[in-house]
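Visitor: Residue 358 in the numbering used here sits at position 201 of the sequence shown, with consecutive numbering throughout. Beta carbons are placed, not taken as given, at the ideal position from N, Cα and C, and that holds for glycine. Bear in mind the structure is a predicted one, so any value in this text is a computation, not a measurement.
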Amino acid sequence: MKPSHTGHADPSATDAEALGAHDVWLRYSGSDEWAVAGANGNVDTGSVTALVGPNGAGKTSLIRCWMGFERPNRGDVRVFGHDPIANRREKSWLSAHLPQEPSLYAGLSALDHFDLVKAQRPSFDIDLGRRLLRDADVPADIAVRKLSGGQRVRVALALVMATRCKVLILDEPLANLDPLARRDVMAELAEHARGEGSTVLNSSHLVGELEGAFSHVIVMSRGQIVLMGSVNQVTQMYRTRLVANDREEANVRRWFHGRDGARRILIPVDEAGEPDEVASLEDVVIGMLAEARSETAQHARA
């Protein structure tokens, strides 16, 4: 994807790319640190992609660039080949965003919210919003302040999904749901993406729940994308190796605790030996974050 700062679609972008980032650098005013530091990657059209990384990795900052809330200092972001800032109102049909703390009016009902959004986005599907709430057993006609926290999240999700936008971008809104509700929501989002031909990007800290919920994964660390691909691709790239506590490798900070509590390190498949084990998606993500932690520690000591 070639960088372009015009308001027109990038002719080098393809239909297979819903979101693109090319050498994106972003630093907020008054800060000496780069929030995004040379990020390169893309989100495939029709995918349900997890964006994962530790606090401060740059996930929300990159999302804000894709939503057109921030202009990168350098580099380029695209939404289906378009600059998300140029003519943002006219291109509002492209993407919908749900932050970690959705802004809802406490005194209004879900139906009132639907009417407000419909006034701003004529394509908003009120009937779809009603069905989503009905399927989730959330009353649509009472004030939001009378709903539980989980029900309010469901209202916010319905507001986003019923826009029928081509890209739904969620910045950790599911963190406050119980595990069963999170599974239900991710299944609904995947079904919605298939039915609408839309794309879902969900920023998440819930690494243990990635398997089976997402088709693709992006791992960020220190403002960069350090791993990206389909779940099948990334799990076939690595194996895990047990690290005994009395071995020298036990002191290397790139180890992580597996689900069995044992210390492990991530090994590229072409370096793996006979005892090494197949890596799960959770292993790969946590292993990559452990390696990033190690690099950060080495950088701090340098």
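Are VAL132 and GLY380 touching if we call contact CB-CB under 8 angstroms?
Guide: What the structure shows of the chain is the stretch from 158 to 459, and residue 132 is not part of that stretch, so it cannot be assessed.
Visitor: Whole angstroms is fine: what's the gap from ASP269's alpha carbon to TRP412's?
Guide: On the sequence shown, residue 269 is found 112 positions in, with the first residue counted as 1. On the sequence shown, residue 412 is found 255 positions in, with the first residue counted as 1. Those two C-alpha atoms are separated by around 51 angstroms.
Visitor: State whether the region 381-389 contacts the region 347-357, with contact taken as three or more CB pairs (one from each stretch) at a distance under 8 angstroms.
Guide: Output reads no: the region 347-357 does not touch the region 381-389.
Visitor: Beta-carbon within less than 8 angstroms of SER280's beta-carbon, same chain only, minus the 5 sequence neighbours each way: which residues are those?
Guide: For the purposes of this step, residue 280 is identified with residue 123 of the sequence shown, where counting begins at 1. So the qualifying residues of the chain are TRP250, THR320 and ARG321.
Visitor: Going along the chain, which residues of its own chain have a beta-carbon closer than 7 angstroms to the beta-carbon of ALA338, five neighbours each way excluded?
Guide: Mapped onto the sequence shown, residue 338 falls at position 181. Cβ within range, chain order: GLY307.
Visitor: In whole angstroms, what separates the C-alpha of ASP201 from that of SER360?
Guide: Residue 201 sits at position 44 when you count from the first residue of the sequence shown. Residue 360 sits at position 203 when you count from the first residue of the sequence shown. Cα to Cα, ASP201 sits roughly 15 angstroms from SER360.
Visitor: Taking GLU174 as part of the beta strand (DSSP E), name the residues at either end of that continuous run.
Guide: Here residue 174 is taken as the residue at index 17 of the sequence shown, counted from 1. First-last of the beta strand (DSSP E) with GLU174: 174-183.
Visitor: Would VAL442 pass as a contact of TYR395 if the rule is Cβ separation under 8 angstroms?
Guide: Within the sequence shown, residue 442 is the residue found at index 285, counting from 1. Within the sequence shown, residue 395 is the residue found at index 238, counting from 1. No, the pair does not count as a contact, with Cβ atoms beyond the cut-off.
Visitor: In this structure, what does DSSP give as the bridge partners for GLY198?
Guide: The sequence position of residue 198 within the sequence shown is 41, counting from 1. Beta-bridge pairing links GLY198 to ALA178.
Visitor: Report the three-state DSSP secondary structure of SER161 (helix, strand or coil).
Guide: Your numbering for residue 161 matches position 4 in the sequence shown. In this prediction, SER161 scores a pLDDT of 32, lower than 50, which makes its location untrustworthy; the coordinate-derived value is nonetheless stated afterwards. Reduced to three states, the DSSP call for SER161 is coil.
Visitor: Could you work out which residue in ALA370, GLN257, PRO211 and ILE326 is closest to VAL236 when comparing CA atoms only?
Guide: Taking the first residue of the sequence shown as position 1, residue 236 is located at position 79. Ranking ALA370, GLN257, PRO211 and ILE326 by Cα distance to VAL236 puts ILE326 first.
Visitor: Should HIS179 go down as buried or exposed, given a rule of 16 or more other Cβ atoms within 10 Å for buried?
Guide: The count along the sequence shown starts at 1 and reaches residue 179 at position 22. HIS179 comes out buried.
Visitor: Once you ignore the five residues that flank ALA447 on each side, which residues in its own chain have a CB closer than 6 angstroms to its CB?
Guide: The residue given as residue 447 occupies position 290 in the sequence shown. These residues qualify, in order along the chain: ARG411 and PHE413.
Visitor: What is the DSSP secondary structure of LEU367, reduced to helix, strand or coil?
Guide: In the sequence shown, residue 367 corresponds to position 210, counting from 1. In this structure, LEU367 counts as coil in the three-state DSSP scheme.
Visitor: On the criterion of 16 or more Cβ atoms from any shown chain inside 10 Å, does HIS239 qualify as buried, or is it exposed?
Guide: For the purposes of this step, residue 239 is taken as residue 82 along the sequence shown, with counting starting at 1. The residue is buried, with at least 16 neighbouring Cβ atoms inside 10 Å.
Visitor: CA-CA distance, ASN230 and VAL181?
Guide: For the purposes of this step, residue 230 is taken as the residue at position 73 of the sequence shown. For the purposes of this step, residue 181 is taken as the residue at position 24 of the sequence shown. Distance between the alpha carbons of ASN230 and VAL181: 8 angstroms.
Visitor: Between the C-alpha atoms of ALA407 and PRO241, what's the straight-line distance to the nearest angstrom?
Guide: Against the sequence shown, residue 407 aligns to sequence position 250. Against the sequence shown, residue 241 aligns to sequence position 84. Its pLDDT being 47, under 50, ALA407 is placed unreliably by the model, and the measurement read from it follows with that caveat. Rounded to the nearest angstrom, the two C-alpha atoms are 46 angstroms apart.
Visitor: With a Cβ-Cβ cutoff of 8 angstroms, do LEU399 and ALA419 count as a contact?
Guide: Along the sequence shown, read from residue 1 onward, the residue named residue 399 stands at position 242. Along the sequence shown, read from residue 1 onward, the residue named residue 419 stands at position 262. Cβ atoms of LEU399 and ALA419: closer than 8 angstroms.
Visitor: Restricting to Cα atoms, I'd like to know which of ALA449, ARG450 and ASP417 is closest to GLU434.
Guide: As a first step, residue 434 is located in the sequence shown; it is residue number 277 there, counting from the start. It is ASP417.
Visitor: Looking only at its own chain, which residues have a Cβ that is under 8 angstroms from the Cβ of ARG445, when we skip the five neighbours before and after it?
Guide: The residue given as residue 445 occupies position 288 in the sequence shown. According to the sequence provided, residue 445 is Met. The question's Arg does not apply to it. For MET445, where only same-chain residues beyond five positions count, the Cβ hits under 8 angstroms are VAL376, SER378, VAL383, LEU384 and LEU423.
Visitor: Which residue wins for smallest C-alpha separation from ARG311, given the options LYS216, LYS323, ASP292 and GLY386?
Guide: Within the sequence shown, residue 311 is the residue found at index 154, counting from 1. Checked all of LYS216, LYS323, ASP292 and GLY386; the closest Cα to ARG311 is ASP292.
Visitor: Skipping 5 residues on each side, what residues in its chain have a beta carbon closer than 6 angstroms to that of LEU346?
Guide: Residue 346 sits at position 189 when you count from the first residue of the sequence shown. VAL357, listed in sequence order.
Visitor: Going straight from the alpha carbon of GLN393 to that of PHE371, what length do you get?
Guide: The sequence position of residue 393 within the sequence shown is 236, counting from 1. The sequence position of residue 371 within the sequence shown is 214, counting from 1. GLN393 and PHE371: Cα-Cα distance of roughly 16 angstroms.
Visitor: Pull up the distance between the alpha-carbon of TYR185 and that of ALA401, whole angstroms please.
Guide: Walking along the sequence shown from the start, residue 185 turns up at place 28. Walking along the sequence shown from the start, residue 401 turns up at place 244. Rounded to whole angstroms, TYR185 to ALA401 spans 43 angstroms at the Cα level.
Visitor: For the candidate residues LEU314, PRO211, GLU174 and LEU265, whose alpha-carbon lies nearest to that of TRP223?
Guide: Taking the first residue of the sequence shown as position 1, residue 223 is located at position 66. With distances taken between Cα atoms, TRP223 lies closest to GLU174.
Visitor: Which residues in the same chain as SER204 place their Cβ atom closer than 7 angstroms to its Cβ, once the five residues preceding and following it in sequence are excluded?
Guide: Looking up residue 204 in the sequence shown gives position 47. Hits under 7 angstroms: THR356, SER372 and HIS373.
Visitor: Thinking C-beta only, is THR217 closer than 8 angstroms to ASP294?
Guide: Numbered from 1 along the sequence shown, position 137 holds the residue referred to as residue 294. Numbered from 1 along the sequence shown, position 60 holds the residue referred to as residue 217. No; because the gap between Cβ atoms is not below 8 angstroms, this pair is not in contact.
Visitor: Quick one: complete beta strand (DSSP E) runs, 3+ long, within the region 222-279?
Guide: You should have 231-236 and 252-255.
Visitor: When DSSP labels each residue in this structure, what does ARG302 get in the three-state scheme?
Guide: Here residue 302 refers to the residue found at position 145 when the sequence shown is read from its first residue. Residue state, collapsed to three classes: helix.
Visitor: Could you check what DSSP says for HIS362 in three-state terms: helix, strand or coil?
Guide: For the purposes of this step, residue 362 is taken as residue 205 along the sequence shown, with counting starting at 1. Note: HIS362 maps to coil in three-state DSSP.
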